[in-house]
Amino acid sequence: MDQIAFIFDILLPALMQGLVVTLKLIVWSAPFGLALGIGVAAGRQYGGPVLSRVCKTFVFLIKGTPLLLLLFILYFGLPSIGITFTALTASVIGFILCNGAYNSEYIRGALLSIKDGQMIAAQALGMTRAQAIRNVIMPQALRRAIPGLSNEFIYLIKYSSLAYMITVVELSGVGKNVATKYFIYTETFMVVGIVYLALVTITTVAVNILEKRVAVPGMNRAAAAQL
Amino acid sequence: MDVLSILIDWSPYIVAGIAATLGLVLIALGIGILLGLPMALGQVYGSRPVRWAIGIYVWFFRGLPILVLLFLFWFGIFPGIGLGDLPAFVVGAVVLGLRGAAYQSQIFRGAIQSIGEGQMIAARSLGMSRFIAIYSVILPQAMRIALPGWSNEYPNMLTDSAVCYAIGVAELLTVTSRIVSQTYLTMPIFLASAGIFILLNYGGIKVLHGVERRIAIPGFGSGAV
């Protein structure tokens with residue numbers, strides 16, 4: 001068969017279906033991963049000794065375990081103790097845990113970069129600790145964490161392919177199935193790779209726009225140096 | 228306890244799995260340095276086409292998921308160039324290494340660019356050739372600056388090496404799932420395997436931090452400068 005015809009008539013339509021699943025995985029995982037990251041970072045930084053220890057241990061364990069093994073535990077392991085997820089749910093939970101743990105490291109770094117004086121000033125103005133964190137510290141820290149968080153988002157796009165290993169037929173899964181059926185491997189996986197490259201590149205552009213959109217004039221270091 | 232006795236029964240396989248995992252990681256990190264460092268030098272000092280070619284390589288290998296890269300090389304490229312008989316272990320190590328080179332080249336590039344241009348000019352004015360200046364003035368400093376960032380490559384590589392399960396490399400995760408399918412002791416075996424990965428991870432990081440301290444030059448470093 002003509003390779004051009006194969007790519008346009010067979011491969012791309014099939015990949016579109018896989019792309020929908022990949023996007024579903026990402027769209028479900030990313031917001032909760034961000035929320036978990038914020039929660040864990042805040043817990044580590046402002047929580048009591050017990051909470052911060054719990055958050056630290058969580059990050060330690062997740063960062064030390066391969067994501068694929070985490071997915072195996074969620075999908076193949078948990079049913080043995082009576083907890084059963086669908087493959088899609090297990091993948092999303094795995095991605096949220098992994099994404100959240102790594103996000104929390106960037107957010108914690110950003111939290112540390114906000115000076116103590118701001119917390120003291122906010123409390124002197126009558127805010128509670130929680131209010132100060134929510135309205136003063138976090139809005140600044142999250143802006144500073146954008147580059148790191150966008151990196152993690154890009155990792156999430158790429159590692160969403162691991163869901164195929166627990167039977168979720170997403171983009172690379174569809175690619176594998178088509179390649180095996182037609183015995184056309186190199187071209188198929190190149191095209192699959194290009195779709196991922198496109199997703200990653202679109203994300204990079206979108207993040208640059210987002211960063212400019214939410215920028216507060218005078219807040220970043222370059223602007224401060226000019227003062 | 229029967230979990231423990233099962234682990235002991237299977238210990239030769241587990242040890243072989245750990246050895247394969249560490250082998251993948253060490254070979255891939257080695258390939259990463261051997262390719263990544265010249266690529267970084269090419270990107271800083273090379274001509275425009277060289278920089279352009281390296282940029283494309285980095286963009287490609289950093290943009291594709293490791294799973295897709297493994298499938299591409301295992302099913303497509305290696306059989307396509309007549310190397311279809313290569314063992315999965317070799318393919319896994321090479322793919323991890325080629326991808327690692329893309330990441331490592333950017334760590335080295337950042338470090339090289341952080342050395343002031345004046346150093347190159349000074350070295351040249353002392354009569355050194357460009358090559359000697361890079362080799363004996365720029366790199367000894369740049370490599371020390373690069374090491375903390377490079378140390379992060381170890382845990383990344385270790386967790387990524389588990390994806391080689393997908394092409395059937397008999398590394399730790401493959402051994403784990405084999406034991407699970409034979410013994411049906413699902414959770415304890417998975418958790419034991421996670422424990423081994425965590426030990427390898429943080430043990431390796433400890434070693435790398437030790438190396439960082441050992442090769443540090445007093446007064447040279449982020450804290451002092």
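Just so you know, the sequences run in chain order A and B.
Going by my numbering, 168 is the number at position 168 of the first sequence; the sequence numbering is gapless.
Converting from the second sequence to my numbering requires adding 227 to each position, the first position being numbered 1.
A virtual CB, placed ideally from N, CA and C, is assigned to each residue, including glycine.
With a threshold of 9 Å between beta carbons, is B/Leu251 in contact with chain A?
On the second sequence, position 24 is the one that residue 251 of chain B refers to. No, B/Leu251 lies away from the interface with chain A (no Cβ there is under 9 Å from its Cβ).
Is it true that the segment 379 to 388 of chain B meets the segment 323 to 330 of chain B, where meeting means three or more beta-carbon pairs spaced less than 8 Å apart?
yes
A/Leu162 touches chain B at which residues, Cβ-Cβ below 9 Å?
Locating residue 162 of chain A in the first sequence gives position 162, counting from the first residue. What A/Leu162 touches in chain B: Pro292, Ile293, Leu294, Val390 and Ala393.
Close beta carbons around A/Gln45, own chain, < 7 Å, minus the five adjacent residues each side
Counted from its first residue, the first sequence places residue 45 of chain A at position 45. So the qualifying residues of the chain are Arg108 and Leu111.
Compare the C-beta of A/Tyr182 with all C-beta atoms of chain B and state if any pair is closer than 9 Å.
Taking the first residue of the first sequence as position 1, residue 182 of chain A is located at position 182. A/Tyr182 does not count as touching chain B.
Identify, in the order they occur along the chain, each residue of the same chain with its Cβ nearer than 8 Å to the Cβ of A/Val168, setting aside the five sequence neighbours on each side.
As a first step, residue 168 of chain A is located in the first sequence; it is residue number 168 there, counting from the start. Closer than 8 Å at Cβ, skipping near neighbours: Val21, Leu25, Ala87, Leu88 and Ser91.
Residues in the segment 299 to 314 of chain B having any Cβ partner in chain A nearer than 8 Å:
Leu299, Phe302, Gly303, Ile304, Pro306 and Gly307
Would you kindly work out how many angstroms separate the C-alpha atoms of A/Leu34 and A/Pro217, rounded to a whole number?
Numbered from 1 along the first sequence, position 34 holds the residue referred to as residue 34 of chain A. Numbered from 1 along the first sequence, position 217 holds the residue referred to as residue 217 of chain A. Cα to Cα, A/Leu34 sits roughly 25 Å from A/Pro217.
For A/Leu69, return the contacting residues in chain B, with the cut-off set at a CB-CB distance below 8 Å.
Taking the first residue of the first sequence as position 1, residue 69 of chain A is located at position 69. By Cβ distance, chain B contributes Ala389, Leu400, Thr403, Phe417, Ser420, Ala421 and Phe424.
Between the segment 55 to 68 of chain A and the segment 92 to 104 of chain A, can you find at least three pairs of beta-carbon atoms closer than 8 Å?
yes
Run of the alpha helix (DSSP H) containing B/Leu385, from where it starts to where it stops
Translated into positions along the second sequence, residue 385 of chain B becomes position 158. Glu380 to Ser388 is the extent of the alpha helix (DSSP H) around B/Leu385.
DSSP three-state call for A/Ala224: helix, strand or coil?
Here residue 224 of chain A is taken as the residue at index 224 of the first sequence, counted from 1. With a pLDDT of only 49 at A/Ala224, under 50, the local geometry of the prediction cannot be trusted, and no value is derived from it.
Taking only beta-carbon positions, decide if A/Val207 is within less than 9 Å of chain B.
Here residue 207 of chain A refers to the residue found at position 207 when the first sequence is read from its first residue. Cβ-Cβ to chain B under 9 Å: no for A/Val207.
Note down the Cα distance separating B/Gly337 from B/Leu374, rounded to an integer number of angstroms.
The residue given as residue 337 of chain B occupies position 110 in the second sequence. The residue given as residue 374 of chain B occupies position 147 in the second sequence. For B/Gly337 and B/Leu374, the distance between alpha carbons rounds to 11 Å.
Just verifying my parser: in three-state terms, what is the DSSP assignment at A/Leu15?
Here residue 15 of chain A refers to the residue found at position 15 of the first sequence. Helix, per DSSP.
Members of the segment 428 to 441 of chain B near chain A, C-beta cut-off 7 Å:
Asn428 and Tyr429
Cβ neighbour criterion (16 or more within 10 Å) applied to A/Arg53:
Against the first sequence, residue 53 of chain A aligns to sequence position 53. Exposed, by the Cβ-count rule.
Below 7 Å CB to CB, which residues in the same chain sit around A/Leu67 once its five sequence neighbours on both sides are set aside?
The sequence position of residue 67 of chain A within the first sequence is 67, counting from 1. Excluding positions up to five away in sequence, the list reads Gly94, Cys98, Tyr159 and Leu162.
Mind checking if A/Tyr106 is an interface residue toward chain B, Cβ cutoff 9 Å exclusive?
Position 106 of the first sequence, counted from the start, is the residue given in the question as residue 106 of chain A. Not one chain B Cβ lies under 9 Å of A/Tyr106.
Measuring alpha carbon to alpha carbon, tell me which of B/Ile254, B/Leu291 and B/Ser238 ends up nearest A/Leu235.
Residue numbering for chain A in the displayed model covers 1 to 227; residue 235 of chain A lies beyond these limits and cannot be assessed.
With 16 other CB atoms within 10 Å as the buried threshold, where does B/Gln340 fall?
Stepping through the second sequence from its first residue, residue 340 of chain B is reached at position 113. With fewer than 16 other Cβ atoms within 10 Å, it is exposed.
Output yes if chain D places a C-beta closer than 9 Å to the C-beta of A/Gly193; else output no.
Of the protein chains in the structure, A and B, none is chain D.
What are the boundary residues of the alpha helix (DSSP H) that includes B/Tyr411?
As a position in the second sequence, residue 411 of chain B is number 184, starting the count at 1. First-last for B/Tyr411: undefined, no H or E at that position.
Where B/Ala451 falls, given that 16 or more other Cβ within 10 Å makes a residue buried
Translated into the one-based positions of the second sequence, residue 451 of chain B becomes position 224. Annotation note: pLDDT 39 at B/Ala451 (below 50); position unreliable, no value reported.
For my contact list, B/Ser388 and B/Leu251 are in at a C-beta cut-off of 8 Å; report their separation, rounded to the angstrom.
Here residue 388 of chain B is taken as the residue at index 161 of the second sequence, counted from 1. Here residue 251 of chain B is taken as the residue at index 24 of the second sequence, counted from 1. Contact holds; Cβ gap of about 4 Å.
Alpha-carbon spacing of A/Thr180 relative to B/Leu299, whole angstroms
Within the first sequence, residue 180 of chain A is the residue found at index 180, counting from 1. Within the second sequence, residue 299 of chain B is the residue found at index 72, counting from 1. Rounded to the nearest angstrom, the two C-alpha atoms are 12 Å apart.
Inspect the beta-carbon positions of A/Gly39 and A/Tyr106 and report whether they are closer than 9 Å.
As a working mapping, residue 39 of chain A is identified with position 39 in the first sequence. As a working mapping, residue 106 of chain A is identified with position 106 in the first sequence. Contact: no.
Apply the 10 Å Cβ neighbour rule to A/Gln226 and answer buried if 16 or more other Cβ atoms are within range, or exposed otherwise.
Residue mapping note: residue 226 of chain A aligns to position 226 of the first sequence, counting from 1. For A/Gln226, the pLDDT reaches just 47, beneath the cut-off of 50, and the residue's location in the model is therefore unreliable, although a value from the coordinates is still provided. By the neighbour-count rule (16 or more Cβ atoms within 10 Å), A/Gln226 is not buried but exposed.
Integer Cβ distance of A/Tyr185 from B/Gly303, believed to fall under 8 Å
Walking along the first sequence from the start, residue 185 of chain A turns up at place 185. Walking along the second sequence from the start, residue 303 of chain B turns up at place 76. So it is a contact: roughly 4 Å between Cβ atoms.
Cβ distance (whole Å) where A/Ser172 is taken to contact A/Val191 below 8 Å
Looking up residue 172 of chain A in the first sequence gives position 172. Looking up residue 191 of chain A in the first sequence gives position 191. Not really, about 11 Å apart at Cβ, beyond 8 Å.
Between B/Ile258 and B/Val321, is the Cβ-Cβ spacing less than 9 Å?
Translated into the one-based positions of the second sequence, residue 258 of chain B becomes position 31. Translated into the one-based positions of the second sequence, residue 321 of chain B becomes position 94. Against a cut-off of 9 Å, the Cβ pair of B/Val321 and B/Ile258 comes out as a contact.
Alpha-carbon to alpha-carbon, A/Leu36 and B/Phe335:
As a first step, residue 335 of chain B must be located in the second sequence, where it is residue number 108. As a first step, residue 36 of chain A must be located in the first sequence, where it is residue number 36. Rounded to the nearest angstrom, the two C-alpha atoms are 33 Å apart.
Might you give, ordered along the chain, the residues of its own chain that have their beta carbon closer than 8 Å to the beta carbon of A/Thr203, omitting 5 neighbours on each side?
Here the question's residue 203 of chain A lines up with position 203 in the first sequence. Closer than 8 Å at the Cβ level, and outside the excluded window around A/Thr203, lie Ser150, Phe153, Ile154 and Ile157.
Name the two residues that bound the continuous alpha helix (DSSP H) containing A/Leu154.
Translated into the one-based positions of the first sequence, residue 154 of chain A becomes position 154. Per the sequence shown, the amino acid found at residue 154 of chain A is Ile instead of Leu. Its alpha helix (DSSP H) spans residues Met138 to Tyr159.
Apply the 10 Å Cβ neighbour rule to B/Phe305 and answer buried if 16 or more other Cβ atoms are within range, or exposed otherwise.
Numbered from 1 along the second sequence, position 78 holds the residue referred to as residue 305 of chain B. When all chains shown are included, B/Phe305 counts as buried.
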